[in-house]
Structures are given as C-alpha cells and as structure tokens.
Amino acid sequence: MSNIHVTTTINGDETEYVCRPDESLLDVLRDRLGMSGTKEGCGTGDCGACSVTLDGRLVCSCLVMGAEVDGHKVETIEGMADGEDLHPLQQKFLEHAALQCGICTPGFLVAAQSLLERNLDPTETEVRYWLAGNLCRCTGYDKIVRAVLDTAKDMRKVAKKSSAKKTAKKGARHAA
Amino acid sequence: MRYEAPETIKAAVGLLIKARGQSRILAGGTDLMVQMRSGMLEPDLIMDIKRIPGMRDIVPEKGGFRIGAAVSGSELGEHAKVSKMWPGVVEAVELIGSTQIQGRATMVGNLCNASPAADSVPALIAVGATARIVGNKRTRDVPVETIAKAPGKTILAKGEFVSSVFLPKALPRTGSAYLRFIPRTEMDIAVVGSGVCLTLNPKGVVTKARVSLGAVAARALLVEEAADVLLGNKLNDDVLERLADIASDAATPINDKRGTVAFRKQVAGVLTRRAALIAFQRAKG
Ligand SMILES: Cc1cc2nc3c(=O)[nH]c(=O)nc-3n(C[C@H](O)[C@H](O)[C@H](O)COP(=O)(O)OP(=O)(O)OC[C@H]3O[C@@H](n4cnc5c(N)ncnc54)[C@H](O)[C@@H]3O)c2cc1C
Ligand code: FES
Ligand code: FES
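As they're listed, the protein sequences go chains X and H. Note that the first sequence covers residues 1 to 176 in the working numbering. Note that the second sequence covers residues 1001 to 1285 in the working numbering.
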C-alpha cells in the first residue's frame, strides 16, 4: 500500500501528513495528528460523533478518506473555543447539563455550530432534524436541543446589538 | 490498495482500463467507506472523481439540467431551479441519511451502488432521467432504470463510469413526488419507495405519466401499466384504486424482518396512490 502525502488546512493551520489510502480522516485526526477531540462511535456514518466540517460542510470524518482532503479545509472541535474562551454553544452545553459521558458532545457541538452558521433562528423541529444524525445514549436529547435553542437566542441578541452599533457608528460618521 | 484522484475524464478512464483487480469510484464515500470498513470490499484501486472539472457542477443544458456525478445532496437541495422543477427528485435525495450524509452523498453514488432500496432512483426514473456513461471508446446516455442489473451490480463495463445525470426539463403542468415507507421517521432504509411524475392538460387530464417502485424487486421498477391507467384520465377515486392495485401487483418483494411480502405489496399501492395525488397537486401548481 503506497502512502500518500497530504497538505491541508485544519482549523486554519496548514497541516501536512502522510497516510495510507485506507485511512479515514477520523483515523488521521486521532492517530496521526493527536487531535482526539473528534470521537469514533460507530465508524459507519450512523452516530455523528466524528462530525467535522469539510470546506464548510458538515460531514462524518469516518466516511471521508484521509487522502481526499488534500488542498481542502477541515474544521474540528479543537478549533471551536477561542483559547480559554469557550464558544457560546460550549458554555450553554455546560449550563444546560447537555452532556453526561461526553462521547457524543464534540459531534453535537460541531453539528450545532454548522446549523447556527446557516440559521441563527431555527425552530425546535429544525434543530432536531439537523441533529438527527448525532446519537446520544445518555441525555435523552432534550437538554441538547434546549442548549442549542438558548445559544441561538443569545447569539441573535449579540448580532442585533453589534448591527445596531454598526448602524449607530455609520450614522455618526454621516453626521460628521 | 491505491488511491488516485485524476483531473480529467480521460485520465480517469485510463486508470480504470489499466487497473488490475477490483476498482471502485469514490464519490461521497457514504456507501463505499462503510462497505470497505465492514470487510465486504477491498478494492485495489479507489478512484476519486471529485477533482475532475464539471463533476461538482449543476448546469442548465438544452432541454434540461445536467447534474455532475459528484454533486452532493445538500448542493442539489440548495439549487433553487432544480428544486422547483423536480421536487420529487430533490425530496428523494434529501431523504438520504442525516445532515452529515447529505454533505457528501451523491445521486449517482446512490444509483451506482445499485441497492434496490436506493431512494433517489425511483424518483429519477419517474422524471425520465438519463445517466451519461463515459468510457474508453464511447460516451453513451442511458435511461437510469437500465443502470442497475441486480443488487450491487450495474451495466458499467471495465473502464466506464457515470459522469453525470441529465434531468429533462419538466413540461408545463408537470408534478413529481417521491414517498417511502420506513419504520422510523429518519435515518432508515426504505421498505417501499414510490416515485410518480405526471403532466396534465389544462383540464386536469393526465397526458404523460411515469411511475416507479423501489425496494420491492431486485432493482427499481418502471411500472408502465401503472402509467397507462393514469393516461387520459383525471385522478378520480376509481382511477386511484386501479393505480394502487397495479402497483401492488407489480411489486415482487422479499420477506424479511423489515416487512412481509403481503405488507410490502399493500404499501406499494398505498404509497403510489399518495405520491400520485401529491404529483397531481404540484402539477396543478
Ligand atoms: C448513515 C447512512 C444513512 C443512509 N441513508 C440512506 C437512505 O436513507 N436512503 C438511501 O437510498 N441511501 C442511504 N444511505 C446510503 C448512501 O448514503 C447513498 O446510497 C448515497 O447516495 C451514496 O452516494 P455516495 O456518493 O456516497 O456513493 P459512494 O459511496 O462514493 O459510491 C457508492 C457506489 O457507487 C459507485 N459509484 C459512485 N459514483 C460512481 C460513478 N460516478 N460511476 C460509477 N460508479 C460510481 C462506487 O464505486 C460505489 O460502489 C445511507 C448511508 C449511511 C452511511
Ligand atoms: S463514528 Fe462517524 S458517524 Fe459514528
Ligand atoms: S452524553 Fe453520553 S452519549 Fe451523549
């Protein structure tokens, strides 16, 4: 089996690795790059624990080949917090106790972030359908859904404030 | 095992012709990776087609739209014109898996995996889609219903692969729909699937019809007798009754834990009747 040299961007950093053609992106992240935040539940696309984004699209990293991502952009759970500052979704998951064992959590967070990037005002049904490919054996899902809806609400407020500020600034500039 | 990602169709065909042992095309990988992991399959060559120009494009073409073989379910669903013209196809593709699977799974992968339960296939058959096959000597366009031969088997010869699917432009007053039955509400394999496409005249009489059933035979079926019942008629109770009976009769399913023969036959009738009504409503606009 010939090894493949891959250059890709992971969480904004250019990354190089060598992998075998039968390795999944999940194997590469965990075993070659030591990024063990992304979890393996099933390895067959059913559980969503391995969720990452590839060029901005939510995918199961267990169903992507390591070799395929050459020249593409991958975002993982490791890129979610800003240093010590948790992402609002991470904070809300803690506040709502939306996790127990935590195996499913990175996948839920990455999937929920991908939803909120597209739709900051999802209905509960939209949240449930978007997250239907993420399985959790512990929480019963409700707390997860509440946490996502609550994050969306807060993020809408912040978005509103910052756009109000921008308009105010613009107004001030125009007045001057 | 070798991984190749050629950048032209010619190079891709060349690789397939030269390859020894088993070769597999990689589109979204949502079937292929699962099959490899389960040990069902150990290809000698995996050929990723996503770097070939055009494979990820949806382009209007004379008489319809051409969908590249590597266009994902999400990309198709986000295309406003395609969604408007072929709601039956888009709703079928969107049933495939979760958000994560949608980000990768392709319609052509669904077709070439040749599972009898593939959701997009009856919908594609109903709208009269054709698949473009590229190969060493010639390029040919074939009706999608001829691609699968048996579960897991296609008509593709060595060196050939599907480069795109063509959706012929819907005539005025045309509606399409796809329904499937699964025991859950999400993430399951069709027990029965039914795709219907109808064209009406201004009086609401059916002038063109195609009906296709999935998961009730070794491959998706084009049920011509079902279309014949609709032609020249309005969708009254009598016509719908006969349509359901013909769909039930056309189904030759297997017995398994997901459904008995009798149940699948009955559901084939029920779903076809319901899909016809949805297609009819859509055709009326
Ligand atoms: C969790 C999960 C849920 C799923 N749910 C559904 C569902 O509800 N309904 C359903 O129908 N399917 C479902 N599937 C199956 C799968 O996602 C679909 O069949 C999908 O459309 C396959 O597309 P792909 O691009 O991922 O194919 P791939 O895995 O890339 O390819 C599938 C097969 O087709 C061949 N192939 C691919 N492209 C070409 C080409 N251009 N020319 C020739 N051969 C080609 C490949 O070599 C391979 O044998 C599910 C899968 C998973 C993992
Ligand atoms: S590990 Fe990838 S979906 Fe379960
Ligand atoms: S918290 Fe344990 S699986 Fe979700």
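Virtual Cβ for every residue (Gly too), placed ideally from N, Cα, C.
- Following the DSSP letters along the chain, one finds H:Ile1125 in no beta strand (DSSP E) but inside the alpha helix (DSSP H) bounded by residues 1120-1126.
- Judged by pairs of C-beta atoms under 8 Å, the segment 82-100 of chain X does not touch the segment 37-44 of chain X, as fewer than three such pairs exist.
- Residue-level contact by beta carbon fails for H:Gln1022 and chain X, as no gap is shorter than 8 Å.
- Following the DSSP letters along the chain, one finds H:Asp1245 inside the alpha helix (DSSP H) bounded by residues 1237-1250.
- In terms of Cα proximity to H:Val1108, the closest of H:Lys1203, H:Pro1043, H:Ala1123 is H:Ala1123.
- Residue pairing from DSSP places X:Cys19 in a beta bridge opposite X:Ile4.
- Between ligand 2 and the CB of H:Asp1048, the shortest heavy atom gap is not smaller than 7 Å.
- Beta-bridge analysis with DSSP links X:Thr9 to X:Glu14, X:Lys73.
- In the three-state reduction of the DSSP assignment, H:Ile1025 falls in the strand class.
- Of all residues in the segment 1037-1055 of chain H, the ones placed with a Cβ closer than 7 Å to any Cβ belonging to chain X are Arg1037, Ile1046, Asp1048, in chain order.
- Taking one beta carbon from each stretch, the segment 1125-1143 of chain H and the segment 156-170 of chain X have fewer than 3 pairs nearer than 8 Å; the two do not touch.
- Not one heavy atom of ligand 1 sits closer than 7 Å to the Cβ of H:Ala1283.
- In the DSSP assignment, H:Ala1150 falls outside any alpha helix (DSSP H) and lies within the beta strand (DSSP E) extending over 1148-1150.
- Contact of H:Ile1246 with chain X by beta-carbon distance below 9 Å is absent, the smallest such distance being about 34 Å.
- H:Asp1044 is not a Cβ neighbour of H:Tyr1003, given a cutoff of 8 Å.
- Below 8 Å, enough C-beta pairs join the segment 76-90 of chain X and the segment 19-39 of chain X to call them touching: three or more.
- At a C-beta separation below 7 Å, X:Pro21 has these neighbours in chain H: Met1001, Arg1002, Tyr1003, Ile1046.
- Within the model, the alpha-carbon separation for X:Met65 versus X:Ile10 is close to 15 Å.
- Shortest gap from the CB of H:Thr1106 to any heavy atom of ligand 1: under 7 Å.
- Secondary structure note for H:Leu1095: it is in no beta strand (DSSP E), with a DSSP letter that is neither H nor E.
- For H:Arg1066, the Cβ stays outside the 7 Å cut-off from all heavy atoms of ligand 1.
- Close to chain X, meaning a Cβ-Cβ distance shorter than 7 Å, are the following residues of the segment 1091-1114 of chain H: Gly1097, Ser1098, Thr1099, Gln1100, Ile1101, Gly1103, Arg1104.
- CA-CA distance, X:Lys92 to X:Leu116, rounds to 14 Å.
- The beta-carbon separation of H:Ile1125 and H:Ala1220, rounded to 6 Å, stays under the 8 Å limit for a contact.
- When Cβ-Cβ separations below 8 Å define contact, X:Thr44 makes contact with chain H.
- Contact annotation for H:Val1071 against chain X: no contact, minimum CB-CB distance about 12 Å [criterion: below 9 Å].
- Between the segment 1065-1083 of chain H and the segment 1198-1206 of chain H there are fewer than three inter-stretch CB-CB distances shorter than 8 Å, so the stretches are not counted as touching.
- At least one C-beta of chain H is nearer than 8 Å to the C-beta of X:Arg57.
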